[in-house]
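Chains as they are written, first to last, in our numbering: chain A, 108 to 445; chain B, 108 to 445; chain C, 108 to 445; chain D, 108 to 445.
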C-alpha cells in the first residue's frame, strides 16, 4: 500500500504515522518527493482500512498495490478451478456449458416440455426462475416452491442439472435439497448476509455481476462466499448499467479475459438479460465463446409472446439450437468443445 | 401505454393484438402513421408487462405514459406525508431534521459520548451502524446486537431517536423492538424480500437510493414497502455511481425537487457517503437545505482517524455544529426551520 | 410522435395545442386516458423540437416513435452500403478488413517497417496518428504533416490504404490529398463543424463513437456527414466510459447487430483503445468477428515499450498475425472471409 | 509516480527499468514487497507517459501521486484568481455573477428585450447562442454572425457584457472583436485544437465540463488554454451523463468545493442544461450558491413555448428575478454578495 502525505506535513506527524503502521507489523519505506512525501507499506495490508487512513488530515492519498482478494486470486492458485455441477464440469478446458430455459417457471408440463427442447438442442443445464426479483410489487413474483418442484420434475425427465435464483436465506434448505447450481442475482451481488449464507452451502454458486459493480467488487463478493467455506463459485456477466438505451444493459465481454487473468474461477455469459432483446442474443453468444467464456445462460421459451416474464429476450427452441450449432464451430477454432 | 408496430405488419396481426388488449379490459385507439402504426391503451396498464408485449415480433416499441407507482404517487395523494419517528416529524413544513452519529457503533461509552455531542450541536436523531455492509469479508462487520443495545443506551441518555441499518430479515424483531427508524442501505434497495419484510413492520423506513438505480426504480422500491402495508417511507439520496473518481459517488441533488414533485414522501440527503470526504460535507449539506431537503444524515466522530470505518468522511462534533448553524440560516431563507 | 398532457389541462389549451400541430401539416389523433390525455402526431415530425414542445406547461411528456435519422436509416435503404477505401471494400458480404499500425507515426523508416509487417501479417490498411488528441498539453501532440507524409511513403512501399485522424478543418486539404480514410476521433464525434466539413470531402470517413454517446447520437453524427453530401461513413466502436476501472473503456459489442439493424452502413471495432491493454486485444478481436463486425482496427508496434504513445495497448507484429489467423477461422464459421 | 512490477520479474529487468528512469533524471526508491516490487519516482514526472510504462510486460501497475496540471493547480498559486469580464469580476470574494438570456439568439429586438429584463431582474451578463451545437443536422443551427451582432446591440442597450459559444476556429476573430466571455461548450471540451486557439485569445474563456469528463480531464483542458497563454478561465458545470432519465443530465454540485480546492480558478453553475427542466432550476440555483459557486448561468426567455431551442428549460423573466432575490439571501448567509 502506498500513502502520500500533504506538502508541509510536520516531521512529528510523519513519525507518528510511521510508528502506527510499524506497530501493526508492517514495514515502512519512505520516499521524499518535491510536493509530497510517500510511504510504501510492506506486509499484510488487507487488515488496513483505506478510508480510515484517509481520515488523517495529513494524508493526501492512499493507493493499493495488491488486490484485496486472496482465495479467488490466481496469484495464489495458478491452476483453473473446475466446478462440478451435478456431474457437469465447468471451467478450465472442460466443454463449454449451455444453460437454457425460461425466465420464469410456468408450471410442470411447460417446464418439462422446454427442458426436452433444451436438451435436444444441445443444452447442458436447465434454468428457470421460481423466485423472481421484479422492479414492481404488482408484477408476477414467481411460483415459489411449486416452481422449484416443477424444475425437479424436468430434471427427472431429462437428466439436466437445474439452476435457479435464491433470493433469501429462508429458502436455503429448499435450494440445498433440490437445486444443483444456486444463482445469486445481480441485485443481490452485495447482499452480504446472503453471500455468507450460501458460503455455508454445499451446492455450487452462480454469482451474477451487479448492475453497476466493478470487477473488483464482484471478485470480492466471490471472496465472501469462498471465505465462508464454499469455493465453488462461477461468475456470470449479465450486462452493466450505462447511459445507452437501445439495449437494456451494456454487455461487458472484456470481463472474460480479465476474470481469467485475475482469478482461477470459471465465467459464463448471459446475453439474454444483457441485451434484453432476442435479436441480439445469437451474435453476443458467439462473441462470448470466441472471447473464451466457459459457458452461456440463455432464455428459451416455446412461445415468447406468452412468457410470464421477459418474453422480449427469449429465444424459441429452434433459434437456441442454431446458436449452439454455430457456437460449437467457433469453440473448435479456439481449441474448446461445446 | 403507447405501442408502435413494425412497418408491414399484416392487418390480421394488428387485429389480433388489439383484441388481446381489449380482452384485458383496456380501450384501444389506433393512429396510422407513415412508417409505423401506433396504439394507445387506456385503462389500468399497471397490469401489463412491457417486456412481454415487446416479445411480439410485430411490435417495434412500447412506451409508458403513466408512472408505474400508485401509493407513492403524488397524483393520487396531493398533500405532503409527514412521517413520525418516535415523535420527531419529517417532511412537509416540519423542521428539517439532522441525523448525526458514527458510521459504526464502537461501544457503549463512545456512543453515549457522541450522542451527547450530536444533541448539543442541534442534531435531532442519532445514527450508528451495528450491522455493516462491507465490500471485503475481511473488514469489520459491525458489533451486531451489542451495537444496537449501545444505541439504545445513547437514546436513554439523550432522548434522540435512533437510526440503524437492517441487512437481513432475521434481525427484524430486534429492530422492531429497539430501533426508531429502520434504514435500508443502498446495496439492498432492490432486495425485494427485505422490502416486503419491512413493509410489515410498524417502524418507519429510511430507504437509501441504490448505487445505480433510477429515481423511478427507487420510488418502485418505496412502493414495495407501501404495498406491503407500511406507508412511512423516507427517501435518502447518498450519491450515485458515475465515471468520476475525485468523489466516492456523485451526489444527485436534483432528486430533491423531483421526489417532491412525483411523490408525497419526505427526502433527506447523506453528504458523507456521497462525497466520501469530510471536506465536502459542509458545502453539500448547505446545498441540500437550499434545494429543499427535509433533512440531513451526517457522519460524526470525535476522532475520525480512529474510526472503525469510514473515518475519511466523518465530521468532528464542532464542524457538525457549524454545519447546523449555517444550515439554520439557509433554512430560514427558504421558509423552513431547522 | 406521442405527446401527453397534464391532468386537468383546460379544454381550450388542448384545442390550442392541437391547432398548432395541425398548422404545421401534421395530423393529430387524441386518446383520452384516465390520468392523462395523449396525442399522436402523424406526418414529418423530424421538423419538431421535442424540447420546445415540453416548454408548454400543460405538456407532461413527449416521446418519439420514429427514429430522427433518415439517410443512415435502413428503413429507407434496405441494402448494405459497401464503402470503397482506395479499392478496399468495407461492409456487406465483403472481406472483413484489418487495419493495423502504430498509435502515433514515429518517422518514415519505422512507419515503412511496421507497414510491411502489417501487410505480411494479413492487414489490409495502415493506421497511424499524425495529429494526436492528448489529455495533457505537455504530452506529444504528433508529427503533423511530416507524419502524414511518412504514411504516404509507407503506402507507396506496401500498397496499403492509409487511415489517420483529422482534428481540425484547417487540415482538410491535406487529408483530401493524402489520406484514404479520414478518421473522426471519439472526442470530436459531436464537433458538428468538423462533421459538416468532412461531409463535403470526397474521401470516406471512419466515425468513432464518442466516450459517452448513445448509439442514436452516433447515428445522428453520421447523418450530419451524409446530409452534407458524403454518404461514405464507416462506424467504429472504441469503448464507452463507465464506472469500471480494470479496462480503459467498456467495449460495447452489442452495437454490431444494432448498427446493422438500424442502418445500412458498415461497422468496425477498435479493441486496442477500448481495453487499453494488449493482453485483452486478441479475445475482443475474435469476439468482434464472431458478432459480425466488418473490420478491426488494431494498434501494432514493433517495440511497444518504446512507443511514443499508447504502448500498453499495442500488439507486436507476431501477435497481430496470430489474431488475424484465428480471426479468419472464426470468420469462416459465420460465412465471412477475412 | 509509483510503479509496481510483477511477481517473478528477473533482477536484470528490474535493474534495466531503474536505469531508464534514472537516465531521465528521476530519483528511484525501491520497496520490496511480498507479492510485488514497487518503485517510487521522485522528480518531474509530468514528462512520463503512464501508458508507455505500462507497455513493459514486467510492469503490473502505474499510479500517479502528483496531479498532472501545473498552471491551474492551487498548490503553485494559493490565491484565488479573479477573472475580469469587461469590468465584471468573477471569483474570489467578488459578487456572485448571474448570466441570463435565451438559449438561441432570435433576432435584434427580442434580444434587446430579454436583455433589459435580465438586467432589471439583477442579472450581470447576457448569454445567447449564435452558433448552436445540435444533435440533429435538421435542427436550427443558430443565426451566426447576425446573432452575434444582435447580442452587441443588446449590450449597447443595457451595458451587460455578452457571453456566447464559439464552435470553430474560423470565428475566433469575430469573437475576439465582439464577445466578452467566450464559451467552449461541453461537446468541445476536448477539442484540443480549439482549446489551443482560444488559448491565444485575449478574451476570458468559460469552459463547460464535457458530458462524461472527469474533473481531472476538465482541469487539464483549462491547462491547455492556460499553457497557450490565456490564464483567464472560468469553469462551468452543466451536468454529466449518467443512467438517470428523469433529468437530462445529473448536476454534480460537489465539483464546487473540489475545483476550489484543486485550482485557483472560479466556477459557475448552469442549472438549465443540467436539469433540462425549468421546474428544477430554482432549487438547483439556490443549492449552487449555498455550495459556494461564483456564479450562475440560466436560460431566460419571455415565452419559452415559442423559444427556437431548449424552451423546456428556460425561465420566464419574473421567475428569474425570483431566483436572484432568494439567491441573494442565501449568498449573505455564506458571506458572499450577489
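C-beta atoms are modelled at their ideal positions from N, C-alpha and C, and glycine is treated no differently. Keep in mind it's a predicted model, so treat the numbers as computed, not measured.
| Asked | Found |
| --- | --- |
| Any idea what DSSP makes of residue 183 of chain B, helix, strand or coil? | helix |
| Which of helix, strand or coil does DSSP assign to residue 234 of chain A? | strand |
| Note down, in chain order, all residues in the segment 314 to 333 of chain C with a beta-carbon under 7 angstroms from any beta-carbon belonging to chain D. | 318, 319, 324, 327, 330, 331 |
| When you compare each of C:108, C:179, C:146, C:287 to residue 244 of chain D by their alpha carbons, which one comes out closest? | C:179 |
| Please report the distance separating the alpha-carbon of residue 313 of chain B from that of residue 343 of chain B. | 7 angstroms |
| Can you tell me where the beta strand (DSSP E) with residue 191 of chain C in it begins and where it stops? | 190 to 192 |
| Helix, strand or coil for residue 129 of chain C? Go by DSSP, reduced to three states. | helix |
| Taking one C-beta from the segment 166 to 186 of chain C and one from the segment 125 to 133 of chain C each time, how about it: are there three or more such pairs within less than 8 angstroms? | no |
| Beta-carbon of residue 182 of chain B versus every beta-carbon of chain C: anything under 8 angstroms? | yes |
| Tell me which residues share the same chain as residue 300 of chain A and place their Cβ nearer than 8 angstroms to its Cβ, disregarding the 5 neighbours each side in the sequence. | 276 |
| For a contact meaning CB atoms closer than 7 angstroms, what does residue 350 of chain D contact in chain B? | 319, 321 |
| Does the segment 380 to 391 of chain D come into contact with the segment 359 to 366 of chain B, if we say contact requires no fewer than three beta-carbon pairs (one atom in each stretch) closer than 8 angstroms? | yes |
| Could you list which residues in chain A have their beta carbon closer than 8 angstroms to that of residue 168 of chain D, in chain order? | 172 |
| Whose CA, out of A:305, A:190, A:396, A:269, lies closest to the CA of residue 439 of chain A? | A:396 |
| Pull the bridge partners of residue 139 of chain A from the DSSP assignment, please. | A:144 |
| Within 8 angstroms of any Cβ in chain A, is that where the Cβ of residue 143 of chain D sits? | yes |
| On the CB-based measure, 16 or more other CB atoms within 10 Å of its CB, does residue 294 of chain B come out buried or exposed? | buried |
| Shorter than 8 angstroms from the beta carbon of residue 364 of chain A to some beta carbon of chain C? | yes |
| Closest to residue 336 of chain D by C-alpha separation, out of D:271, D:203, D:308, D:251, would be which residue? | D:308 |
| Count the C-beta pairs between the segment 246 to 258 of chain C and the segment 273 to 288 of chain C that are closer than 8 angstroms, then say yes if the count reaches three, no if not. | yes |
| Could you tell me which of B:444, B:345, B:410, B:136 sits nearest to residue 164 of chain A, measuring between CA atoms? | B:410 |
| Could you check whether the Cβ of residue 213 of chain D sits closer than 8 angstroms to any Cβ belonging to chain B? | no |
| Residue 295 of chain A by DSSP, collapsed to three states: which one? | helix |
| Report the residue ranges of all alpha helix (DSSP H) runs contained in full by the segment 225 to 285 of chain D; include only those spanning at least 4 residues, in chain order. | 252 to 265, 279 to 285 |
| Assess contact between the segment 207 to 225 of chain B and the segment 420 to 437 of chain B, defined as three or more Cβ pairs (one per stretch) separated by less than 8 angstroms. Is contact present? | yes |
| For residue 151 of chain D, count the other beta carbons within 10 Å of its own beta carbon; 16 or more makes it buried, fewer makes it exposed. Which is it? | exposed |
| Any beta carbon from chain A within less than 8 angstroms of residue 160 of chain D's own beta carbon? | no |
| Determine, for residue 197 of chain D, whether the minimum Cβ-Cβ distance to residues of chain A falls below 8 angstroms. | no |
| Do we get a CB-CB distance below 8 angstroms when we pair residue 242 of chain C with the residues of chain A? | no |
| Using the beta-carbon of each residue, which ones in chain D are nearer than 7 angstroms to residue 229 of chain B? | Ordered by position in chain D, no residue passes the 7 angstroms Cβ test against residue 229 of chain B, which lies about 16 angstroms from the chain. |
| So residue 361 of chain A contacts chain D; which residues on that side make the cut at Cβ distance below 9 angstroms? | Under the 9 angstroms cutoff, chain D gives no residues; its nearest Cβ is about 16 angstroms from residue 361 of chain A. |
| Can you list, in chain order, the residues of the segment 287 to 300 of chain B whose Cβ is nearer than 8 angstroms to any Cβ on chain A? | 294, 295, 297, 298, 299, 300 |
| Excluding five sequence neighbours on each side, which residues of the same chain lie with their C-beta closer than 8 angstroms to the C-beta of residue 249 of chain D? | 211, 212, 236, 237, 238, 239 |
| Can residue 290 of chain A and residue 259 of chain A be called in contact, C-beta distance under 8 angstroms? | no |
| Secondary structure at residue 409 of chain A, three-state DSSP: helix, strand or coil? | coil |
| Starting from residue 375 of chain C, trace the beta strand (DSSP E) both ways and give me its first and last residue. | 374 to 376 |
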